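Student: Below is one structure. I have some questions about it.
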Amino acid sequence: MEPVSHRRRELQRRESHHYARAWSEDPRQVGEFTAAFIRSSAATGILTTAKHFPGHGDTSTDSHLDVARVSGDMERLQSTELVPFDAAIRAGSMP
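Laid out in structure tokens, this is it:
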């Protein structure tokens with residue numbers, strides 16, 4: 000099982016399956032929901048891994064067709080894209 004752990008972004012509307020599966024635009028809220036999903040799955044013996052690292056939220060590429068890349072500096076990456084994945088790791092998700 001895997002929670003979709005990237006942020007929802009407006010530019011994803013054209014890729015509706017990614018937009019609909021993301022929990023929120025707020026990286027902290029995505030992290031909270033991701034961690035809750037992982038903890039509840041683990042409580043029933045289900046292994047999880049957070050998907051779409053390093054965050055599919057700021058890409059316009061369909062990763063099934065090409066390599067999706069996230070642009071920006073390390074500060075932005077740490078304050079947005081990595082937040083849900085940090086929560087996932089702390090909750091016990093497999094890397």
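Numbering (numbering that gives the first Met the number 0), first residue to last: 0 to 94.
For every residue, glycine included, the Cβ atom is placed at its ideal position computed from N, Cα and C.
These figures come from a predicted structure and were not determined experimentally.
Please classify Ser-39 as buried or exposed, where buried requires at least 16 neighbouring CB atoms within 10 angstroms.
Tutor: By the 10 Å Cβ count, Ser-39 comes out exposed.
Student: When the Cα atoms are used, what is the spatial distance from Ser-92 to Leu-76?
Tutor: Distance between the alpha carbons of Ser-92 and Leu-76: 20 Å.
Student: Determine the direct distance from the alpha carbon of Ala-90 to that of Ala-35, and round the result to whole angstroms.
Tutor: Near 8 Å, if we compare the C-alpha coordinates of Ala-90 and Ala-35.
Student: Mind checking which residues open and close the alpha helix (DSSP H) that includes Arg-27?
Tutor: It spans 26-42 - the alpha helix (DSSP H) in which Arg-27 sits, taken as one unbroken run.
Student: According to DSSP, is Thr-47 helix, strand or coil?
Tutor: Three-state DSSP puts Thr-47 in coil, outside helix and strand.
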